[in-house]
Amino acid sequence: DVRVIGSDSTTGDSVPWFPRKLTDLDTFAEKVMEMGEELSSDHPGAHDPVYRARRAEITRIAKTYRTGQPVPEIEYTDEENETWGKVFRGLTAMYPTHACREHQYVLPLLIQNCGYNDKKIPQIEQISRFLKDCTGFTIRPVMGLLSSRDFLNSFAFRIFYSTQYIRHSSKPFYTPEPDVCHELLGHVPLFADPDFADFSQEIGLASLGASDEDIAKLATIFWFTVEFGLCRQDGEIKAYGAGLLSSFGELEYALSDKPELRPFDPSKTAVQKYPITEFQPTYFVAESFKDAQEKVRDFAASMNRPFSVRYNALTQTIEVLDNK
Ligand SMILES: Cc1ccnc(-n2c(S)nc3sc(C)c(C)c3c2=O)c1
Ligand SMILES: [Fe+3]
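Be aware that the sequence shown starts at -9, since it is given in this note's numbering, and climbs by one per residue.
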């Protein structure tokens, strides 16, 4: 039977709140951890008032976004489009030898259907419509870093929160935070792949109402797959993680013989330490996205959650199943 669970009278606050329908995701708008305009002191744009003002402007646009609206179009400047072009040309040159086959299959479709080229930054709305046709994934604009819980919860609805600002032009090949290059070249192509979409949603479903410690484990699994995942294809190691596919240096390094490579195994991956600021000493290799999904589903079943959830694609809602 479907029993409503949440921080209501039946369960008190024993189960952390989680979204049940799309409009519930609008509550995330106010909850961003670091507002876009507060740049970390080591950020290349930290001392550039024009850049900071630009970040604040784009943040404000994202803040007004609500479910059902088209993603607002950003009028990028020549300087921003130029930075994009440098990143686009540099990374696309590496993909034939370094990117997984799914990424290599989708990129030409994005060039053809979503205006991916080295002249202008593509618009999220057009990409979101393309992804919806491919896998049902859609994109929402985000102001800054969402919490791991909120970010992972949205994957249960096949929703990806994307930034729209771009890194500072002084360092086109470095960013201490996600930016539109990372999102559009790293994450977007994989969300068009059915198996990867299924895998991503599995992590999202596992995160609904999960304890803080399980959220930390799922975020680490996310980190070593969606962000820094490697896979074996035709006997060769290829990259599928967005953090690799959007960083020249780390993409090269990850496929060199320097890092340690371990098989993806959620119970081990979930407790692996990872540095955010330098290259990973260890990467995990998935046999396939289907296999990785199965492993995550089994891992989720072992979590101490007194209920299970199911996504109803017709109503775009989460159904809670009582495990009593
Ligand atoms: C789990 C979770 C929740 C919110 N954001 C993330 N997330 C993502 S998707 N990509 C990047 S790229 C980068 C340099 C950072 C810091 C970062 C990041 O933090 C991950
Ligand atoms: Fe990312």
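Ideal placement from N, C-alpha and C gives every residue a C-beta, glycine not left out.
No experiment lies behind these values; they were computed from the predicted model shown.
- Message: Counting C-beta neighbours from all protein chains within 10 Å, is the total for S4 16 or more, i.e. buried, or is it exposed?
- Response: exposed
- Indicate whether N178 and I156 have their beta-carbon atoms separated by less than 7 Å. Note that residue 178 corresponds to Val in the displayed sequence, not to Asn. No. Outside cutoff.
- Nonlocal neighbours in the same chain, by C-beta distance under 6 Å from D185, ignoring five residues either side: F279, K280
- Message: Quick check: the Cα distance between E250 and F269, rounded to an integer number of angstroms?
- Response: 12 Å
- Query: Would you report the Cα separation of E70 and L81, rounded to the nearest angstrom?
  - Reply: 17 Å
- Message: For the beta strand (DSSP E) containing S159, name the first residue and the last one.
- Response: Where S159 is concerned, there is no enclosing beta strand (DSSP E), given that its DSSP letter is neither H nor E.
- Pick helix, strand or coil for P131, following the three-state DSSP scheme. strand
- Query: In three-state terms, what does DSSP make of Q223?
  - Reply: strand
- Message: In this structure, how does DSSP classify R56 when only helix, strand and coil are distinguished?
- Response: coil
- Query: With 16 as the cutoff for other CB atoms within 10 Å, does G239 come out buried or exposed?
  - Reply: exposed
- Query: Counting Cβ pairs, one atom from each stretch, are 3 or more of them under 8 Å apart for the stretch 85 to 104 and the stretch 217 to 229?
  - Reply: yes
- Task: Count the CB pairs spanning the stretch 107 to 123 and the stretch 139 to 146 that are closer than 8 Å, and state whether there are at least three.
- Result: no
- Rounded to whole angstroms, what's the CA-CA distance from T73 to Y164? Just pull it up for me. 11 Å
- Query: Helix, strand or coil: how does DSSP classify P253 here?
  - Reply: strand
- Give the DSSP bridge partners of N302, in chain order. T307
- For Q191, does the count of other Cβ atoms within 10 angstroms reach 16, so buried, or fall short, so exposed? buried
- Answer yes or no: the CB of E115 versus the heavy atoms of ligand 2, is any distance below 6 Å? no
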